[in-house]
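Chemist: Residue numbers (the numbering used here): 11 to 303.
All C-beta atoms, glycine included, are put in the ideal place defined by N, C-alpha and C.
Take this structure first; my questions come after.
Next up, the structure:
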């Protein structure tokens with residue numbers, strides 16, 4: 011099958027952690043014998059990149075003549091995919107795209123258009139499916155729940171001390187790890203405060219974002235910047251606890267990668283975490299309640 015991937019998030023040289031789930035899905039589809047082309051954005055910042063994506067989508071669709079267009083995110087990628095025409099569109103909602111529709115009438119109208127025109131709609135969690143149904147009634151009964159999944163060869167149980175030696179870090183002490191954008195939505199400042207309240211332990215943040223300056227000089231916080239996926243797996247193996255206490259986490263891939271690596275996790279009660287974080291595997295904090303961390 012000829013598949014055109016369309017996404018406003020895709021890993022690139024300056025943003026290796028951007029949309030890694032799309033690249034991993036692309037690799038799996040290729041391994042199964044499908045022929046793929048892509049129209050993607052592989053960097054952050056600037057609204058102009060979305061209009062470039064529109065042009066790239068139209069040109070790729072015309073030149074590649076796909077059997078199906080697989081878009082990630084309802085807007086703008088899903089909208090560009092359905093406007094390109096010429097092939098059935100499958101679109102996956104990942105989270106912020108649905109939340110944006112709850113806050114804007116214009117985005118809601120665009121979202122409903124995408125849902126109506128798409129041949130199939132995917133949500134990465136049951137929670138997200140329900141949020142989409144609430145803002146786009148056309149999605150009710152049309153949306154399948156398919157999570158992002160985990161590469162079990164990369165994220166697997168591994169000796170913690172060995173992983174720490176590979177990273178060149180102190181083998182002793184408790185290591186709390188958070189992988190993701192350093193933003194308000196990811197609740198990283200509250201996580202840093204929670205670690206500071208403990209008598210010991212170090213918080214390592216793998217990622218970048220607008221809150222980096224506010225985190226740079228906090229006690230027992232290490233900023234590890236963005237890392238390639240294999241390196242992320244090593245950091246998870248080196249950790250004692252993988253933390254993802256986001257205010258909203260539509261699925262929670264980093265937490266699932268932590269569980270696949272046999273690490274305890276801290277998640278959130280809002281979003282996808284309750285669908286797979288069990289009481290024997292981790293704890294769920296209440297967003298906005300620092301004490302619950």
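Note down, one range per segment and in chain order, each beta strand (DSSP E) of at least 3 residues found wholly within the region 206-253.
Modeler: Within the region 206-253, the complete beta strand (DSSP E) runs of at least 3 residues are 212-216, 231-233 and 251-253.
Chemist: Out of curiosity, what's the CA-to-CA distance linking residue 273 and residue 68?
Modeler: To locate residue 273, count along the chain shown from 1; it is residue 263. To locate residue 68, count along the chain shown from 1; it is residue 58. Each residue's alpha carbon lies about 44 Å from the other.
Chemist: Output the residue ranges of the beta strand (DSSP E) runs that lie fully inside the region 133-177 and measure 3 residues or longer, sorted by chain position.
Modeler: Entirely contained in the region 133-177, the beta strand (DSSP E) runs reaching 3 residues are, in chain order, 153-155.
Chemist: Can you tell me where the alpha helix (DSSP H) with residue 45 in it begins and where it stops?
Modeler: On the chain shown, residue 45 is found 35 positions in, with the first residue counted as 1. No alpha helix (DSSP H) contains residue 45, which is instead part of the beta strand (DSSP E) from 45-50.
Chemist: What residue does the alpha helix (DSSP H) around residue 120 start on, and which one ends it?
Modeler: For this step, residue 120 is matched to residue 110 along the chain shown. Element bounds for residue 120: 115-127.
Chemist: With a threshold of 16 other CB atoms inside 10 Å of the CB of residue 36, please say whether the residue is buried or exposed.
Modeler: Working through the chain shown from its first residue, we reach residue 36 at position 26. Result: buried.
Chemist: For a cutoff of 9 Å on Cβ pairs, would you count residue 132 as touching chain C?
Modeler: Of the protein chains in the structure, only one exists, and it is not chain C.
Chemist: Find the nearest neighbour of residue 75 within the set 200, 120 and 13, judged by alpha-carbon distance.
Modeler: Counting from one through the chain shown, the residue named residue 75 turns up at place 65. The shortest Cα separation from residue 75 among 200, 120 and 13 belongs to 13.
Chemist: Do residue 53 and residue 25 count as a contact pair if the criterion is CB distance below 9 Å?
Modeler: For this step, residue 25 is matched to residue 15 along the chain shown. For this step, residue 53 is matched to residue 43 along the chain shown. Closer than 9 Å, so yes.
Chemist: Quick test of your reading: residue 121 and residue 145, contact by CB under 8 Å. State the CB separation rounded to the nearest angstrom.
Modeler: Start at 1 with the first residue of the chain shown, and residue 121 comes out as number 111. Start at 1 with the first residue of the chain shown, and residue 145 comes out as number 135. Indeed they touch by this definition, with Cβ atoms about 6 Å apart.
Chemist: Which residue wins for smallest C-alpha separation from residue 118, given the options 221, 200, 86 and 137?
Modeler: Within the chain shown, residue 118 is the residue found at index 108, counting from 1. Measuring from the Cα of residue 118, the nearest candidate turns out to be 86.
Chemist: Out of 250, 22, 63 and 28, which has the shortest C-alpha to C-alpha gap to residue 93?
Modeler: By 1-based counting over the chain shown, the position of residue 93 is 83. Minimum Cα distance to residue 93 is reached at 63.
Chemist: My output table needs one value for residue 287: the three-state DSSP class, helix, strand or coil.
Modeler: In the chain shown, counting from the first residue as 1, residue 287 sits at position 277. It is coil, neither helix nor strand.
Chemist: Mapping the DSSP letters down to three states, classify residue 257 as helix, strand or coil.
Modeler: Here residue 257 refers to the residue found at position 247 of the chain shown. If DSSP states are grouped into helix, strand and coil, residue 257 belongs with coil.
Chemist: According to DSSP, is residue 14 part of a helix, a strand, or is it coil?
Modeler: Residue mapping note: residue 14 aligns to position 4 of the chain shown, counting from 1. Reduced to three states, the DSSP call for residue 14 is strand.
Chemist: Check whether the Cβ atoms of residue 78 and residue 133 lie closer than 9 Å to each other.
Modeler: Locating residue 78 in the chain shown gives position 68, counting from the first residue. Locating residue 133 in the chain shown gives position 123, counting from the first residue. It is not a contact, given that the beta carbons lie outside the stated cut-off.
Chemist: If you compare alpha carbons, which of 289, 260, 11 and 268 is closest to residue 195?
Modeler: Counted from its first residue, the chain shown places residue 195 at position 185. Ranking the options by Cα distance to residue 195, first place goes to 260.
Chemist: I'd like the list of long-range same chain contacts for residue 200, defined as Cβ closer than 7 Å, with 5 residues on each side in sequence excluded.
Modeler: Translated into positions along the chain shown, residue 200 becomes position 190. Here the set comprises 255, 300 and 303.
Chemist: Pick out whichever of 109, 289, 229 and 181 has its Cα sitting closest to the Cα of residue 281.
Modeler: Locating residue 281 in the chain shown gives position 271, where the first residue counts as 1. Among 109, 289, 229 and 181, the Cα nearest to that of residue 281 is on 109.
Chemist: Any idea what DSSP makes of residue 271, helix, strand or coil?
Modeler: Position 261 of the chain shown, counted from the first residue, corresponds to residue 271. Looking at residue 271 - three-state DSSP - the assignment turns out to be coil, as it is neither helix nor strand.
Chemist: Assuming residue 82 is part of the alpha helix (DSSP H), what are its boundary residues?
Modeler: For the purposes of this step, residue 82 is identified with residue 72 of the chain shown, where counting begins at 1. Here residue 82 belongs to no alpha helix (DSSP H); instead the beta strand (DSSP E) covers 78-82.
Chemist: Going by Cα to Cα distance, which pick from 45, 84, 162 and 285 is closest to residue 239?
Modeler: By one-based count along the chain shown, residue 239 stands at place 229. When each option's Cα is compared against that of residue 239, the closest is 162.
Chemist: Hey, how far is the Cα of residue 107 from the Cα of residue 88?
Modeler: The sequence position of residue 107 within the chain shown is 97, counting from 1. The sequence position of residue 88 within the chain shown is 78, counting from 1. About 10 Å.
Chemist: Which stretch, first to last residue, makes up the alpha helix (DSSP H) that contains residue 189?
Modeler: Locating residue 189 in the chain shown gives position 179, counting from the first residue. Taken as a continuous stretch (DSSP letters only), residue 189 belongs to no alpha helix (DSSP H), being part of the beta strand (DSSP E) at 185-189.
Chemist: Is the Cβ-Cβ distance between residue 186 and residue 248 less than 9 Å?
Modeler: Position 176 of the chain shown, counted from the first residue, corresponds to residue 186. Position 238 of the chain shown, counted from the first residue, corresponds to residue 248. The answer is no: Cβ separation not under 9 Å.
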